[in-house]
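Engineer:
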Amino acid sequence: MKREMLKGIWEDAAEKFENSFAPDILGYWYSRYCGGEMIDLKEVLEDVQQECPSILRIQLNPYAAILKTEEGNLRIRYWKKGRLIGHSYFPEKI
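Position one of the sequence shown corresponds to residue 1 (the UniProt record's numbering), numbered consecutively onward.
1) Do P62 and R77 have their C-beta atoms closer together than 8 Å?
2) Starting from G27, trace the beta strand (DSSP E) both ways and give me its first and last residue.
3) Would you decide whether F21 is buried or exposed? Buried here means 16 or more other CB atoms lie within 10 Å of its CB.
4) DSSP three-state label for K93, please.
5) Among L26, M1 and L74, which one has its Cα closest to the Cα of K48?
6) For L56 versus L67, is the C-beta spacing smaller than 8 Å?
7) The ligand GDP heavy atoms versus the CB of W29: any closer than 7 Å?
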């Protein structure tokens, strides 16, 4: 789902995440992971939760952040196709 299609709580959660430093921190660790470095996901999660407390889980393969909201979880998955980079949003209702 595209960002523009999110409404209400889903839109607010995505906006708070994007306006924090969490995406930058995750991008930094993801690039190190792609370079072959062993990453402690628990440590990275604690770091990004300081910037965006609604982050419930993170994944590096596929690269995603799962945010906790009142209506369920919002999975924000990063994708790359050629030179294009973007996000896909997947609300997971309770």
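C-beta: ideal position from N, C-alpha, C; glycine also.
Structural biologist: Looking at the coordinates:
1) Numbered from its first residue, the sequence shown carries residue 62 at position 62. Numbered from its first residue, the sequence shown carries residue 77 at position 77. Going by C-beta atoms, P62 is nearer than 8 Å to R77.
2) For the purposes of this step, residue 27 is identified with residue 27 of the sequence shown, where counting begins at 1. No beta strand (DSSP E) holds G27; the alpha helix (DSSP H) holding it covers A22 to C34.
3) Working through the sequence shown from its first residue, we reach residue 21 at position 21. F21 is exposed by the Cβ-count criterion.
4) Looking up residue 93 in the sequence shown gives position 93. Judged by DSSP in its simplified three-state form, K93 adopts strand.
5) Along the sequence shown, one-based indexing puts residue 48 at 48. For clarity, residue 48 is Val in the given sequence; the question names Lys instead. Selected option, being the one with the closest Cα: L26.
6) Against the sequence shown, residue 56 aligns to sequence position 56. Against the sequence shown, residue 67 aligns to sequence position 67. Yes. Within cutoff.
7) Ligands in the displayed structure: none, and consequently the ligand GDP is not present.
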